[in-house]
Every structure is written in structure tokens, then in C-alpha cells.
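A.B. asks: Under our numbering, think of the first position of the sequence shown as 83, with each following residue one higher.
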Amino acid sequence: MNDSGTVITNTIKSKGSVLLDEIVGQQYEMQPELNERYGPSGREKCLQDAQYTLSYLMQALEFSSSTLFTDYAVWLKVLLTGLGIPEKDITFNLDTIKYVLGKELPPDANTLLSEYIHMAVNTVKSTSKEIPTFIDQNG
83 MNDSGTVITN TIKSKGSVLL DEIVGQQYEM QPELNERYGP SGREKCLQDA
133 QYTLSYLMQA LEFSSSTLFT DYAVWLKVLL TGLGIPEKDI TFNLDTIKYV
183 LGKELPPDAN TLLSEYIHMA VNTVKSTSKE IPTFIDQNG
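1) Can you give the Cα-Cα distance for residue 151 and residue 158, rounded to whole angstroms?
2) If you follow the alpha helix (DSSP H) that residue 107 is in, where does it begin and where does it stop?
3) Just to confirm, are residue 146 and residue 83 a CB contact at a threshold of 8 Å?
4) Between the C-alpha atoms of residue 149 and residue 142, what's the straight-line distance to the nearest angstrom?
5) With 8 Å set as the bound, which would you pick, yes or no: does the beta-carbon of residue 86 sit closer than that to a beta-carbon of chain D?
6) Excluding five sequence neighbours on each side, which residues of the same chain lie with their C-beta closer than 6 Å to the C-beta of residue 128?
7) Give me, in chain order, the residues of the same chain whose beta-carbon lies closer than 7 Å to that of residue 191; leave out the 5 immediate sequence neighbours on both sides.
8) How about the segment 94 to 102 and the segment 152 to 172: do they share at least three Cβ pairs that are nearer than 8 Å?
9) Taking residue 205 as the reference, which of 101, 219, 169 has the closest Cα?
10) By DSSP, does residue 208 sit in helix, in strand, or in coil?
11) Between the C-alpha atoms of residue 184 and residue 194, what's the straight-line distance to the nearest angstrom?
12) So the candidates are 199, 217, 153; which of them puts its Cα closest to the Cα of residue 175?
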């Protein structure tokens, strides 16, 4: 992991639940319809999802693997769209993570964070809701 990745990971670890609350609070402020759509239990699930996303982000940074994070984002899209959550909510959440976490970071680390989030958002937007199978149906 490079220095910027370490800064991002340490920031996530040190800010913990405060960071999660700010991410979800910001998203719900910018998308007030989420509260109507999903209620209090939806907000709790959004907090869990943000926690998982930050955890995957830290792992991807640890291994300097943006692919690890984009693969997670695709899996998340398949899961959440299957549960009826629109793609735009997923990409908005990723952008909100970038905004909230980015405020805590120095410029070099913010650039790395932006690269990872940008790749994940673009991959989510360009990927189908279904992951193709590698199992031969005729075999």
C-alpha cells in the first residue's frame, strides 16, 4: 500500500462510525425520498452497506488493487438492484463516500480516493444487473 492508501485507511479507521453517520446523513439529506421509500430500517441497512463499502475500499487500498474495489461494486449492484434499489442510489452513495471522506484527506490521498471511486462508479454504470455464469449449461 502506498502512503496515500495508508492515509485513507487510517482516516476510515480513526473516524469509524462518525464517518458512516456523516455519509448516510449526507445521502439522506441530498435524497430525502430515501426516508419515505425505505424508512428507518432502510437507513440502518444503508449504514451497514456503507460500512461494507469502506471495508472493501480499505482492502483494495491495502493490496493496491482498484479491481478488487470495482469487482465489489459490481457485486453490490447485482445484489441491491435485485432487491429493488436503483443503480442511481448505488452510484450516489459511492459519490457521497468520496465527498465525505475526501473532506478529511490531504490532496494526494484525495486524488487516489477519487480514482478508486470514479472507477467503481463507471464500472457500476457500464455493467449489467446480472453477472454472467461461467458454468456450462449443457455439460
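Ideal Cβ placement from N, Cα and C applies to all residues, glycine included.
C.D. replies: For this structure:
1) 10 Å
2) 85 to 112
3) yes
4) 8 Å
5) Going by chain labels, chain D is absent from the structure shown, which holds only one protein chain.
6) 106
7) 86, 89, 90
8) no
9) 169
10) helix
11) 10 Å
12) 199
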